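K.L.:
Take this structure first; my questions come after.
Residue numbers (our numbering), protein chains in the order written: chain A, 1 to 331; chain B, 1001 to 1385.
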């Protein structure tokens, strides 16, 4: 991929020359989105800007524009687009294989596989189910592991900090970018699955796990809920990846470590000897979205999962903060 | 230097806060007013009188019977063996919706699958999403007067059903006491503890939590001797009183499901009394057919109370009958159940299935002995004849 889009001065606002003090002074008080985050930031961030010749004079980009440029960069990268395409290919492959092969006997292969030929919407559910253990964590590992270490590896991190974005804000923006990918990855699977299922198979009322039928539009809503469940499921892993990413300047290391951790957690979850540990593993509730396919919907697992992931975000977010604000940024 | 420590403070504080929160959450809520004192007999009466006919809730069941676990790995559906004995291993959770005596729905929530039993009036539907099969049963008209526990397939039994069954055992053989109040599904409950007086039986104690307000049994816990964890526990994890959504009881099989019609044979009386003798394994596994058919063999009962041993004679060739044949078949089918076969060990005089609560001895000459007693007792009983 090309690294040209990763120039440290990507943000148009950051391109203002440091010498342009007169213009920079005036708009500082009237930030477009009025977040005022910059004003409230602790003194720690002085550290990051003390290299610049005139610290107080430099204008800070607003959080909104920082996030917007981060998202723009993230989704403009070939790597990210390729991963989203690969995820979208999963339901396509499943649908085509089922279409050209003979009927699948019930109870074999992934759950719901036998229902696909009767109702195309099950393509999306099957694909989401199949992608949970490996494909989704794989892509999240790549994105989350790249957040800080990627910048450090390219040597752009110090320019970003000089920019001056502030370390906490940079961390938050990077995490928000990873979270946006967490949402888009399962959505890509769900939408591609519903689309290809619609094209190749008949679509009608969907039988839930409980045996009750719901109309296709409600089934779509439930599918989006499942995508949301999976997005929430992946937030904890993203926080772990963010922390690992602050530890190293080699992005591949952070990516690999994140993916390995997700696999290790799933293996530990299968060992009955470690039953006491299971509710604490961030992968423990990954398959709990089945409760969204029951009638009535069981929300307990959604809540449990959200609480668990919030705990991981808090712990690893705090670790990442501790590491990143005390780190010597040399690259 | 202090600045560095300050930056790491959240990394230390957040886990500490989480740990504190978890510890505080696991402590029993002691602020609640204690329930008025009651004797075991009064608590029993509460169960007998309770009028809770409509509720919905979630039941969690866990078993530590010493049977092998079913591994559940990957994105496939759970309950892959299709085995009923699977319900006796590992944890299960089920949602229960009850509205009066004739409307009920039980949903056993498996991994990526669900087993449903829906009853409305005399219509009973069983549905398994794993293999997309539905079974339709039209119950005889008289059945609607009976307790629903007869007709519900042995999924996760509700605490209510089990408590009633357990209490039949309460006679001179058992010490009943009301222990400290407990809390089940957020409701204050009396804790009725039944301890066998016999030193021989495998059952250590049976504890039933009885709702302090309405007398509904909320949990049943069976402990085995010499085992730390409860051998069997079923309890409501949430409970809402009041009629559930009526639409839940309207069931028709989804298109594409294979539907089987099942005829119900006329139900002989006394099935229930028979059932409690071999309560745990076989009862839950094959409640409806095995017990009924096996009774044709005139089983022998030795011992009394908790030490009771039920001996089932070998089918004799001299008196062939359809019922005997099918009885033998049910035993065979039970033994061919992959899980139970795995649990069978060869012992002196035959084969045995040992669990922490019940032992089953299958002698080489075809007799079967069942009891909540050590295996040696079963072997001794087998040697008598």
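Built from N, CA and C at the ideal position, the CB exists for glycine as well. Predicted model only: the values in this text are computed from it and were never measured.
Closest Cβ-Cβ distance between residue 306/A and chain B: below 9 Å?
P.N.:
Output row for residue 306/A: interface = no.
K.L.:
Would you verify that the beta carbon of residue 230/A is, or is not, closer than 9 Å to some beta carbon of chain B?
P.N.:
It does not; no Cβ of chain B falls within 9 Å.
K.L.:
From residue 171/A to residue 126/A, what does the alpha carbon distance come to, in whole angstroms?
P.N.:
Their Cα atoms are separated by approximately 35 Å.
K.L.:
Hey, is the stretch 287–303 of chain A in contact with the stretch 200–216 of chain A, meaning 3+ C-beta pairs nearer than 8 Å?
P.N.:
Taking 8 Å as the limit for Cβ pairs, the verdict is that the stretch 200–216 of chain A does touch the stretch 287–303 of chain A.
K.L.:
List the residues of chain B that residue 330/A touches, going by C-beta distances under 8 Å, in chain order.
P.N.:
None at all; the shortest Cβ gap to chain B is about 17 Å.
K.L.:
Quick check: is the beta carbon of residue 1098/B nearer than 9 Å to any beta carbon in chain A?
P.N.:
Answer no: the Cβ-Cβ gap between residue 1098/B and chain A never drops below 9 Å.
K.L.:
Between residue 1235/B and residue 1060/B, how many whole angstroms is the CB-CB distance? I'm expecting something under 8 Å.
P.N.:
Confirmed, about 6 Å.
K.L.:
Applying a beta-carbon distance threshold of less than 9 Å, which residues of chain B neighbour residue 318/A?
P.N.:
Those within 9 Å of residue 318/A in chain B are 1008, 1009, 1010, 1011, 1012, 1013, 1014 and 1015.
K.L.:
Tell me the start and end of each unbroken alpha helix (DSSP H) in the stretch 148–211 of chain A that is at least 4 residues and wholly inside, in chain order.
P.N.:
Runs of the alpha helix (DSSP H) inside the stretch 148–211 of chain A: 157–162 and 167–200.
K.L.:
If you draw a straight line from the alpha carbon of residue 158/A to that of residue 1015/B, how long is it in whole angstroms?
P.N.:
The alpha-carbon atoms of residue 158/A and residue 1015/B are separated by roughly 30 Å.
K.L.:
Between which two residues does the beta strand (DSSP E) carrying residue 1063/B extend?
P.N.:
Note, residue 1063/B: beta strand (DSSP E), 1054–1063.
K.L.:
If the cut is a Cβ gap below 8 Å, which residues of chain B does residue 321/A touch?
P.N.:
Those are 1007, 1010 and 1011, listed as they occur along chain B.
K.L.:
Which of the three DSSP states is assigned to residue 1037/B in this structure?
P.N.:
Coil.
K.L.:
Provide the residue span of the alpha helix (DSSP H) that contains residue 1391/B, from first to last.
P.N.:
In the structure as shown, chain B starts at 1001 and stops at 1385, and residue 1391/B therefore has no counterpart that could be examined.
K.L.:
Which of the residues in the stretch 1110–1123 of chain B, read from start to end, lie with their CB under 7 Å from any CB of chain A?
P.N.:
The stretch 1110–1123 of chain B vs chain A, Cβ under 7 Å: 1111, 1112, 1113, 1114 and 1116.
K.L.:
By the 8 Å beta-carbon criterion, what residues does the stretch 1303–1315 of chain B contribute toward chain A?
P.N.:
Of all residues in the stretch 1303–1315 of chain B, none has a Cβ within less than 8 Å of some Cβ in chain A.
K.L.:
Is the separation between the beta-carbon of residue 128/A and that of residue 226/A shorter than 9 Å?
P.N.:
Yes, the pair counts as a contact, with Cβ atoms nearer than the cut-off.
K.L.:
Would residue 1203/B be called buried (16 or more neighbouring beta carbons within 10 Å of its own) or exposed?
P.N.:
Counting Cβ neighbours within 10 Å, residue 1203/B comes out buried, since at least 16 surround it.
K.L.:
Would you call residue 1078/B buried or exposed, if buried means 16 or more other Cβ atoms sit within 10 Å of its Cβ?
P.N.:
With a pLDDT of only 47 at residue 1078/B, under the threshold of 50, the placement of this residue in the model should not be trusted; the figure read from the coordinates follows. Buried, because 16 or more other Cβ atoms sit within 10 Å of the Cβ of residue 1078/B.
K.L.:
Comparing the C-beta of residue 326/A with each C-beta of chain B, is any distance below 9 Å?
P.N.:
Yes, residue 326/A counts as interfacial toward chain B.
K.L.:
Distance, Cα to Cα, residue 1139/B vs residue 258/A?
P.N.:
Each residue's alpha carbon lies about 56 Å from the other.
K.L.:
Let me know the secondary structure DSSP gives residue 70/A once reduced to three states.
P.N.:
Three-state DSSP puts residue 70/A in a helix.
K.L.:
If I follow the unbroken beta strand (DSSP E) through residue 97/A, where does it start and stop?
P.N.:
Premise fails: residue 97/A lies in the alpha helix (DSSP H), 78–100, not in any beta strand (DSSP E).
K.L.:
In terms of residue numbering, what span does the beta strand (DSSP E) encompassing residue 1302/B cover?
P.N.:
It spans 1300–1302 - the beta strand (DSSP E) in which residue 1302/B sits, taken as one unbroken run.
K.L.:
Tell me the residue span of the beta strand (DSSP E) that contains residue 1196/B.
P.N.:
Counting along the chain, the beta strand (DSSP E) containing residue 1196/B begins and ends at 1187–1196.
K.L.:
I think residue 1311/B touches residue 1367/B, with their Cβ atoms under 8 Å apart; what is that distance to the nearest whole Å?
P.N.:
Correct: roughly 6 Å between the Cβ atoms.
K.L.:
Shorter than 9 Å from the beta carbon of residue 193/A to some beta carbon of chain B?
P.N.:
Answer no: the Cβ-Cβ gap between residue 193/A and chain B never drops below 9 Å.
K.L.:
Could one say the Cβ of residue 315/A lies closer than 9 Å to chain B's Cβ atoms, at least one of them?
P.N.:
Closer than 9 Å to some Cβ of chain B, the Cβ of residue 315/A qualifies, so yes.
K.L.:
Flag this pair as touching only if the stretch 1042–1053 of chain B and the stretch 1223–1230 of chain B have three or more C-beta atom pairs under 8 Å; answer yes or no.
P.N.:
Contact between the stretch 1042–1053 of chain B and the stretch 1223–1230 of chain B is absent, because fewer than three Cβ pairs lie under 8 Å.
K.L.:
Report the residues of the stretch 219–249 of chain A with a CB closer than 8 Å to any CB of chain B, ordered along the chain.
P.N.:
So nothing in the stretch comes that close.
K.L.:
Output the distance between the C-alpha atoms of residue 133/A and residue 144/A, rounded to the nearest integer angstrom.
P.N.:
Each residue's alpha carbon lies about 17 Å from the other.
K.L.:
Identify which residue in 137/A, 317/A and 308/A has its Cα closest to the Cα of residue 1022/B.
P.N.:
Cα-wise, what sits closest to residue 1022/B is 308/A.
K.L.:
With which residues is residue 1313/B paired in a DSSP beta bridge?
P.N.:
According to DSSP, which records beta bridges pairwise, residue 1313/B is partnered with nothing at all.
K.L.:
What is the DSSP secondary structure of residue 128/A, reduced to helix, strand or coil?
P.N.:
Correct three-state label for residue 128/A: helix.
K.L.:
Indicate whether the contact test is met: 3 or more Cβ pairs, each with one atom in the stretch 198–205 of chain A and one in the stretch 139–155 of chain A, closer than 8 Å.
P.N.:
Output reads no: the stretch 139–155 of chain A does not touch the stretch 198–205 of chain A.
K.L.:
Can you pull the chain A neighbours of residue 1253/B, defined as C-beta to C-beta under 7 Å?
P.N.:
Within 7 Å Cβ-Cβ: 211.
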